[in-house]
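Using the working numbering, the first residue of the sequence shown is number 120, and each one after it goes up by one.
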Amino acid sequence: MKIGISLVEVLVGLVLIAITVVFAFEAITNSLNTVNRQELEIKTVCLLNFTQSYLAEYRVGVQLPSNIVETINTSFHGSNSNNVFPRIHTLQATTTSLNLSGSTIFYRVVQIEIRKTPNTSESFVLLFGL
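Here's what the structure looks like:
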């Protein structure tokens, strides 16, 4: 009868432990990546909602200030907003009118490009009516 364990049994046990640890760390890494992606999406939607609320203060016929992008980014992120993401990259507003049954409806179409990371961005369209 043999007392103790052989070298092969020890190596097999260590390999099984290593495989288990690798799978555990892989699961943790995937979970953290998913949380980071969801947090970025939530921040992007919050910035979009903030932008919509900020732009709603301007009437449709009023021209938007030229520094509106910097103002919104600074208001959302604070004074240190130069390299913080998500951030508004471009904002283009056009005012158009629509004639329905003798009534003219004026509305503003705002196209916003939000840069989520330095390499990815997403475009949105906001409508403001009068």
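Idealized CB from N, CA, C, for every residue including glycine.
Just so it is clear, the structure is predicted and the values come from calculations on it, not from any experiment.
N-terminal and C-terminal residue of the beta strand (DSSP E) that residue i is part of
i	result
V203	Counting along the chain, V203 falls outside any beta strand (DSSP E), and DSSP gives it neither H nor E.
L246	S240 to G248
Beta carbon of residue i nearer than 8 Å to that of residue j
i	j	result
R227	A212	yes
L159	P205	yes
Y177	I191	no
T279	I231	The structure shown does not extend to residue 279, since the chain is modelled only from 120 through 249, so no value can be given for it.
V181	I207	no
V164	F225	no
Residue(s) in a DSSP beta bridge with residue i
i	result
A212	V229
F169	Its beta-bridge partners do not exist; DSSP assigns none.
I224	L217
R234	R206 and S240
Residue nearest to residue i in terms of C-alpha spacing, selected from the options
i	options	result
L217	G248, I161, A137 and T209	G248
H196	L133, L166, I147 and A143	L166
P184	A146, L133, N199 and L210	L210
T215	V203, N202, G221 and V229	V229
L246	P237, A175 and T236	A175
V203	E128, T236 and V140	T236
Host alpha helix (DSSP H) of residue i (start-end)
i	result
S194	I187 to H196
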